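Report on one structure; see the data block that follows.
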Amino acid sequence: MRANGYWQAWRENARRRGVPEDAVAEIARRHAIRPESFAILGQAEEIKDPHGKSFFLLPPGISGDDARAATLLTYVLNAGTDYGKAGRRPADFPETPYCAAEVERIIKRQNANRWSYSRDVRFVHRNGGRLVTTPNGILMGVGGNWLQRQFSRRGGTTWGDIFMVNGGPLSDPAERLRRIVRGSPDLDRVLHHEERHCRQWAAKGYLGMLGGYG
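One rule links them: number in our numbering = place in the sequence shown (from 1) + 14.
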């Protein structure tokens with residue numbers, strides 16, 4: 015899809031989710047979101063979850079800055095995460111309203127965890143893993159060689175802004191990510207939980223969180 019297409023999709027997603035028009039306008043104004051801003055998403059493969067939300071499989075050669083921009087714009091585009099949606103299992107935490115202030119919070123968290131974009135995006139790709147941007151404004155990854163897999167325990171481990179799923183050895187990590195996104199109705203709950211860990215990384219810093227994992 016072209017950048018203008020994602021711009022229109024953003025507006026349609028917001029209308030469908032009942033986001034007020036003035037909230038969308040404020041996001042665009044405060045954070046300089048324009049049709050061309052979404053061009054970065056055109057470099058990635060869009061994957062839809064069972065609720066119609068968009069995830070983007072990043073190309074292995076993407077830069078950390080572009081990965082960071084694509085991650086933020088994936089949050090903006092979806093205009094909501096479905097966490098705490100009516101008629102589903104009760105949420106563990108209140109859902110954060112979609113608004114310009116929440117976009118600002120994610121930007122600040124990304125800045126605090128900037129090492130996970132400048133260093134770790136390249137590290138994951140160089141070691142055979144793959145990454146998708148998520149509607150929660152974080153990255154999710156799977157796969158990789160033996161070295162890469164040491165950074166994911168139990169169901170998965172969050173490092174900065176990257177949640178690495180523990181999938182074991184995989185011949186096609188990109189396909190595994192497609193299956194996770196398309197076949198996990200409650201993925202939004204998992205990602206909401208992991209985004210809270212991303213906040214912890216931002217608050218405690220790299221060394222502070224490593225001490226907690228130790």
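For glycine and all other residues, C-beta sits at the position ideal for the given N, C-alpha and C. Predicted model, so just to flag it, every value in this text is computed and none were measured.
Proximity to ARG29 [Cα-Cα], best of TYR112, PHE69, ILE54 | Translated into the one-based positions of the sequence shown, residue 29 becomes position 15. Among TYR112, PHE69, ILE54, the Cα nearest to that of ARG29 belongs to TYR112.
Considering only residues of the same chain and omitting the five flanking positions on each side of ILE54, which have a CB-CB separation below 6 angstroms?
-> Locating residue 54 in the sequence shown gives position 40, where the first residue counts as 1. Excluding sequence positions up to five before and after ILE54, its CB lies within less than 6 angstroms of the CB of ASP80, ALA83, ALA84, all in the same chain and listed in chain order.
From which residue to which residue does the alpha helix (DSSP H) around GLY78 run?
-> In the sequence shown, residue 78 corresponds to position 64, counting from 1. Start and end: 78 to 92.
Nonlocal neighbours in the same chain, by C-beta distance under 7 angstroms from ASP134, ignoring five residues either side | Here residue 134 refers to the residue found at position 120 when the sequence shown is read from its first residue. Same-chain partners within the cutoff: TRP173, GLY174, ILE176.
Hey, would you say ASN150 sits closer than 8 angstroms to HIS211, going by beta carbons?
-> Sequence index remark: in the sequence shown, residue 150 carries index 136 (1-based). Sequence index remark: in the sequence shown, residue 211 carries index 197 (1-based). Taking 8 angstroms as the cut-off, the Cβ atoms of ASN150 and HIS211 do not count as close.
Please work out which residues of its chain come closer than 7 angstroms, Cβ to Cβ, to THR148, disregarding the five sequence neighbours upstream and downstream, and give them in chain order.
-> Counted from its first residue, the sequence shown places residue 148 at position 134. PHE69, THR88, MET154, LEU205.
Within 10 angstroms of its Cβ, does SER130 collect 16 or more other Cβ (buried), or is it exposed?
-> Start at 1 with the first residue of the sequence shown, and residue 130 comes out as number 116. Classified as buried, SER130 has 16 or more neighbouring CB atoms from the shown chains inside 10 Å of its CB.
Apart from the five residues on each side of it in sequence, which residues of its chain come closer than 7 angstroms, Cβ to Cβ, to TYR20?
-> By 1-based counting over the sequence shown, the position of residue 20 is 6. Within its own chain, the residues whose Cβ lies closer than 7 angstroms to the Cβ of TYR20, once the five positions on either side in sequence are excluded, are PHE52, LEU55, LEU91, listed in chain order.
Does DSSP put SER12 in a helix, in a strand, or in coil?
-> Residue 12 cannot be examined here, being either before or after the span of the chain that is shown, 15 to 228.
Whole-angstrom Cβ separation of ASP63 and LEU201, contact assumed at under 8 angstroms?
-> Residue numbering aside, residue 63 sits at position 49 when the sequence shown is read from its first letter. Residue numbering aside, residue 201 sits at position 187 when the sequence shown is read from its first letter. Indeed they touch by this definition, with Cβ atoms about 6 angstroms apart.
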